[in-house]
Every structure is written in structure tokens, then in C-alpha cells.
Amino acid sequence: MQPWLSALLGGVLIGVSATLLLWLNGRIAGISGIVHALTRRSPVGDWAWRLAFVVGLMVAGGIAMHVVGQSALSPASGVALIAAGLLVGYGTALGGGCTSGHGVCGLGRLSKRSLVGTLVFIATAMATVFVVRHVIGGGA
Amino acid sequence: MRVLAALFAGALFGIGLVVSRMSDPNVVTGFLDVAGDFDSSLLFVMLGAVGTTVVLFRLVLKRERPVLDADFHLPTAKAIDAPLLLGAGLFGIGWGLSGYCPGPVLVGAAAGVQTALWFVPAMLAGGVLQRVLTPRP
């Protein structure tokens, strides 16, 4: 399949998943929000659906990754990887969302807050890649 | 039922991440590398995902309530404030450094990918740290 076509198709699947969660459970499919809430004390019912969502995502995604033989190895390693993890965790908790929460669901609800959040994280991510690859890394 | 619905939605989300190749950090950093070998894939992922939610969320939110719950649980924050800008900015730096955001890295960790297995505990710790450092109102 053409890369752009599988990207579009995968995107539609993500959109349908977010729609199902909203239609059935009335919940926003924001992965960072769901994951952070799992590390917090909450009523059992709230905890259970979040855990189920994460388990479904990990099991089905992990199997799919093996089936298509996709690599998910990050170009970062060591300290940079840990720092990146801390930044993603801290930043999504502070900013109230990630690519799915602000990007897919927030934009779907036409939220201005999410539009601004999405533009900001895409901008700082592009700036970071520019610095890492073209300023420090010499185009690697 | 709510648990089953979430399990199914999560599975669909995970498959969507792999089909779209957003679960491959090199595709992500390829999109973010505007000055280098720009890979437009992520644009199509967003187009497919947001195109779907923009149309279908409208229909869903016309309902009084979701199918399996008494109310919709929608975010109430509307302000474009410092925490949003700072949080999104920091998240973007981590995303650019690693090519991982929360959904894809969980898929990578489930597939046993070493870098994802290092990243996930740090990400969870970052969320806990933010909560601990935030003064309670």
C-alpha cells in the first residue's frame, strides 16, 4: 500500500476509535490523560475502563507491529531517551493533553485551546529535531 | 460493558497507530524534520483522524448522553494559559528528541522494543512529578 494511503487509513481507524469511546462511554480518547490517571487514586469504575483501553491498545498494537514487521526503535538513546520520557510525561500532564487528546479529539471538538496546544507542541518538536539533526548532529 | 467498549476502542486505536506507521519514531521524526528529508506521512494520519472526529463527534455530541453512561465527560478547561503553553512546549521537545508520544510508545513497549521500555517509566514518572510539584488548590 502507498505510504500516504496507509497513513490516511490508520488515521481514520484512530478517529473511529476516538468516536467509539465518546459515543459509547462519553470519554475523550486522550492517551496521556488516560495513562496519567492510572497512576492516581480513582474510583474502581474509572480505573477499569482506562486500564482496559490501555490493555487493548498495547495488545492489539503490539501484535499488529509484529505482524507487519515494523520497527519502533527510537533514534534517541540513554540520557536523552530518559529526559524525553520525563518531558513528555511532565508536559502532557501540565498541558492537559498530547497528540491524541489535543490533536485528534480536541481538534475534533473544534477547541481553540487544543488547536493552540497542538500548534505549540508541533512547533517545539520541529525546532528540537532541527537542533538535534542539523545544529548538533550535522544532518545525521 | 464500558470496560469492553474501552478495550475494543483501545485495540482499534493501537491497530490504527501501526497501520498509519505513527508507532515508528523514525516516521515521526521524519515528519518533524522540515529542513531535512521531510516525510509527509503524519499529515495524512492527522487528516484521516481529525477529518473523522470533526464529522463524527458532531453527530455523537448531538445526543443527550453516551450509550453506556449518564453524561459525557468532556474537558472543561478552555483557557489558553501558561500551563497549556509551557506543557505543550515541553511535550514537543520530548516528542522531537525521541519520536515517541504516549500512544505509540505504549505500542512499542508492548512489542518489547528496548527504547520504548526505557521511555515508558520515565513518562509515567514525569506525570507523577508534575502532580507532586503542583500546589493543590
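Protein chains in written order, with the numbering used here: chain A, 1 to 140; chain B, 1001 to 1137.
C-beta atoms are modelled at their ideal positions from N, C-alpha and C, and glycine is treated no differently.
These numbers come from a predicted model, not from an experiment.
Would you tell me roughly how many angstroms separate the C-alpha atoms of B:F1031 and B:F1038, rounded to the nearest one?
Taking the straight line from one Cα to the other gives about 5 Å.
Applying the criterion that 16 or more other CB atoms from any shown protein chain within 10 Å of the CB defines a buried residue, is A:P43 buried or exposed?
So A:P43 counts as exposed.
Going along the chain, which residues of the region 1017-1038 of chain B sit with their C-beta nearer than 8 Å to a C-beta in chain A?
If the cut-off is 8 Å between Cβ atoms, the region 1017-1038 of chain B has L1017, V1018, V1019, S1020, R1021, M1022, S1023, D1024, P1025, N1026, T1029, L1032, D1033, V1034, A1035 and G1036 near chain A.
Any Cβ of chain A within less than 8 Å of the Cβ of B:T1053?
Yes - at least one Cβ of chain A is within 8 Å of the one on B:T1053.
Could you tell me which chain B residues have their CB closer than 7 Å to the CB of A:V79, listed as they occur along the chain?
Ordered by position in chain B, no residue passes the 7 Å Cβ test against A:V79, which lies about 10 Å from the chain.
In chain A, what lies closer than 9 Å to B:T1115 by C-beta?
Those are A72, L73, S74, P75, A76, S77 and L81, listed as they occur along chain A.
Spell out whether any CB of chain B is found under 8 Å from the CB atom of A:P43.
No, no contact with chain B.
Hey, B:A1131 and A:S6 are a contact pair by Cβ (cut 8 Å); roughly how many whole angstroms apart?
Note that residue 1131 of chain B corresponds to Arg in the displayed sequence, not to Ala. Their Cβ separation, rounded to whole angstroms, is 37 Å, which puts B:R1131 and A:S6 out of contact at 8 Å.
Please check if any C-beta of chain A sits within less than 8 Å of the C-beta of B:V1132.
Chain A contact via Cβ: absent.
Of the residues B:L1012, B:L1124 and B:F1119, which one's Cα is nearest the Cα of A:L57?
For A:L57, the nearest C-alpha among the options comes from B:L1012.
With burial defined as no fewer than 16 other Cβ atoms inside 10 Å of the residue's Cβ, what is the status of B:V1060: buried or exposed?
The residue is buried, with at least 16 neighbouring Cβ atoms inside 10 Å.
Give the residues of chain A in contact with B:P1135, contact being defined as C-beta atoms less than 7 Å apart.
Within chain A, no residue comes near B:P1135; the closest Cβ sits about 13 Å away, beyond 7 Å.
If you run the structure through DSSP and keep just helix, strand and coil, what is B:F1072?
B:F1072 falls in the coil class under three-state DSSP.
Here's the rule: buried if 16 or more other CB atoms are within 10 angstroms of the residue's CB, otherwise exposed. What is B:S1040?
Burial call: exposed.
Against chain B, does A:I14 count as a neighbour if the rule is that its beta carbon must be under 8 Å from one of theirs?
Taking Cβ atoms only, chain B reaches closer than 8 Å to A:I14, which makes this a yes.
For A:G85 versus A:G97, is the C-beta spacing smaller than 8 Å?
No.
At a Cβ threshold of 8 Å, is A:G96 touching chain B?
At least one chain B Cβ lies under 8 Å of A:G96.
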